[in-house]
Amino acid sequence: GIHGLANKPEAVVLEEEWKAAIMEGQRNIGYEGDQDFEIIMVYWADFYYDHPLPQGTYAPAGAGTIIRGPDSSVWARVVDFTFRVGGCLWDMWYSCGGSGVVTNEFIERIFRELNSYYDDEVLANGQKAKTAAQGEVDPIALEQNDNSVTLIAHSMGSIIAYDCLLDLEAEDVTVANFVTIGSPLGLPTVCDHIRDERGSTRSPTNVTGEWHNFSDRQDRVALDAQLADDFGGRNRRPNAPITDHRVCNTFVDGNGKANAHKSFGYLRGPEFSKHLRRCLNHG
């Protein structure tokens, strides 16, 4: 797993919290077995913060609060269609210069680490941000290179994961499944960075299974949640489609504050949990 933006508790604590959230989701969908997966956390918060958070932030869900996203009714399909059209209009508006300033200012204000990553800023340890982040992923990917690995990436971690997957294509490193949660990959500014660096946005060829993307409409980091229209199309491999899921991230912290971007809410959501169970059952 690759975590997202902002400071985190120590890596071992964050890893245990991800396990707890995933197992809570598995229990919610009726799985009664023991934990049958291992998590290897790619931890990069210490590039930007001198000290980790003193304690974890995971909070179990209240009774009946883990709920499904929009249903498949006619009205829900109309909303989904409108949402997809809205994403296309957003892309068109940006391509005409309409939202560049807004999006760049948003990144500058909210995504300090993301701005640093794309600027390849020199960190306090002397390493460049992008090189350092990818350097945390590559050794693990090379060691775990097999078709039983599901790569789960949250928030900015999905950008790091995407870049690493493309760079590792030449090394014949594969993963079985790629899962993004609360991802900003669809933001026009992010897509522009990818096109500037790589020529186009496309699905990695070393994902042997599928790429599934999960987002909540209230998640302001995943403003453009339709990744299939940005990374699919002519570049999509028929055996590795990109599937976008609109879900309800109902995470509420210990102080009663809702956070639709929090990784724990995604990791225990019904849609994510069922998809992960399929991945685990089929290797």
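Numbering (the numbering used here), first residue to last: 630 to 912.
Think of the CB as a built atom: it goes at the ideal place given N, C-alpha and C, for glycine as much as any other residue.
With contact defined as three or more Cβ pairs closer than 8 Å, the region 820-840 and the region 657-668 are not in contact.
In this structure, the beta-carbon distance from Gly-861 to Ala-688 does not fall below 9 Å. Spanning the alpha carbons of Ala-758 and Pro-817 requires a straight line of approximately 21 Å. Under the DSSP assignment, Thr-760 falls outside any beta strand (DSSP E), being part of the alpha helix (DSSP H) whose first and last residues are 758-772.
The closest CA to that of Asn-636, considering only Ile-823, Phe-676, Gln-664, Ile-871, is found on Phe-676. 9 Å or more divides the Cβ of Tyr-747 from the Cβ of His-841. The C-beta distance from Gly-815 to Leu-856 rounds to 5 Å, short enough to meet the 8 Å contact threshold. The Cβ atoms of Gly-811 and Ser-832 do not sit closer than 9 Å to each other.
Looking at the backbone, the Cα of Tyr-895 and that of Asn-878 are separated by about 6 Å. Counting every other CB atom within 10 Å of its CB across the protein chains shown gives Leu-797 a total of 16 or more, marking it as buried. Counting the other CB atoms within 10 Å of its CB gives Arg-697 a total below 16, which places it among the exposed residues.
Taking Ser-902 as the centre and dropping the five residues before and after it, the same chain places the C-beta of Gly-654, Gln-655, Asn-657, Ile-658 closer than 7 Å to its C-beta, in chain order.
DSSP lists Ile-631, Thr-809 as the beta-bridge partner residues of Ala-782. Annotated three-state conformation of Phe-666 is coil, per DSSP.
In the three-state reduction of the DSSP assignment, Arg-897 falls in the coil class, being assigned neither a helical nor a strand state.
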